[in-house]
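Enquirer: Before I ask anything, let me first share the structure, which is written out below as structure tokens.
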Amino acid sequence: MDLALKTAENAGKSGEVPIGCVIVRDCEVIATAGNRTLSERDPTAHAEVLAIRQAAERIGTERLTDCDMYVTLEPCTMCAGAISFARIRRLYYGAGDPKGGAVENGVRFYSAPTCHHAPDVYSGLSEIEAGEILRDFFRERRDQP
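Mapping of the sequence shown onto numbering that gives the first Met the number 0: residues 0 to 144, in sequence order.
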């Protein structure tokens, strides 16, 4: 999770919403990504989606059944869907997202009867640090003229 937090900070320094994601397989980091929606002019370039693409390319399959994901913020509906379709084994996330989250907030995607695969979910990992990174980022943006 420390690497996901560092990746989030780096995304924030480049002007992106500071969310970081890491995918691990057999105790080895196989993908890291921060949000890049602005730099890529792509609304789907969320950290989770980019990390899934990178991991799938690295291991040569779209099924990430033996992989675990660490992300600093509760995934949105799009990302929760991508995690499900990739068959991620375990999802660890930091801060909950009452407005945009879709795991334990909002649509609760993995509880829906139409969800094909639900990872094991562990929330609150480094929650305070993840929340501070986001709060600081948005506070600075509000304070700018």
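By construction, the Cβ of each residue, glycine as well, lies at the ideal position given by its N, Cα and C atoms.
What you are looking at is a predicted structure, and each value in this text was computed from that prediction instead of being measured.
Run through DSSP, which three-state label would Met-0 get?
Expert: Three-state DSSP puts Met-0 in coil, outside helix and strand.
Enquirer: Measure how close the beta-carbons of Pro-74 and Ala-101 come, nearest whole angstrom, since I'm counting them as under 8 Å.
Expert: 6 Å between Cβ atoms; contact.
Enquirer: Using only the alpha-carbon positions, how far apart do Gly-130 and Ile-18 sit?
Expert: Taking the straight line from one Cα to the other gives about 10 Å.
Enquirer: Specify the secondary structure class of Cys-78 as computed by DSSP and reduced to three states.
Expert: Cys-78 falls in the helix class under three-state DSSP.
Enquirer: Can you name the start and end residues of the alpha helix (DSSP H) that Arg-107 belongs to?
Expert: Neither: Arg-107 is in no alpha helix (DSSP H) and is coded neither H nor E.
Enquirer: Once DSSP output is grouped into helix, strand and coil, what is the label at Arg-134?
Expert: Three-state result, Arg-134: helix.
Enquirer: Check this for me: beta carbons of Leu-124 and Asp-96, under 8 Å apart or not?
Expert: No; because the gap between Cβ atoms is not below 8 Å, this pair is not in contact.
Enquirer: Does DSSP put Arg-88 in a helix, in a strand, or in coil?
Expert: In the structure shown, Arg-88 sits in coil (DSSP, three-state: anything other than H, G, I, E or B).
Enquirer: In or out: Ser-38 buried (at least 16 other Cβ within 10 Å) or exposed?
Expert: Exposed.
Enquirer: With DSSP as the reference, label Ala-210 as helix, strand or coil.
Expert: There is simply no residue 210 to check, as the chain begins at 0 and stops at 144 in what is shown.
Enquirer: The beta strand (DSSP E) that contains Glu-27, what's its start and end?
Expert: Start and end: 27-33.
Enquirer: Could you pull the start and end residues of the beta strand (DSSP E) that Arg-24 belongs to?
Expert: Taken as a continuous stretch (DSSP letters only), the beta strand (DSSP E) holding Arg-24 covers 19-24.
Enquirer: Between which two residues does the alpha helix (DSSP H) carrying Leu-49 extend?
Expert: Looking at the DSSP string, the run of the alpha helix (DSSP H) that includes Leu-49 is 46-58.
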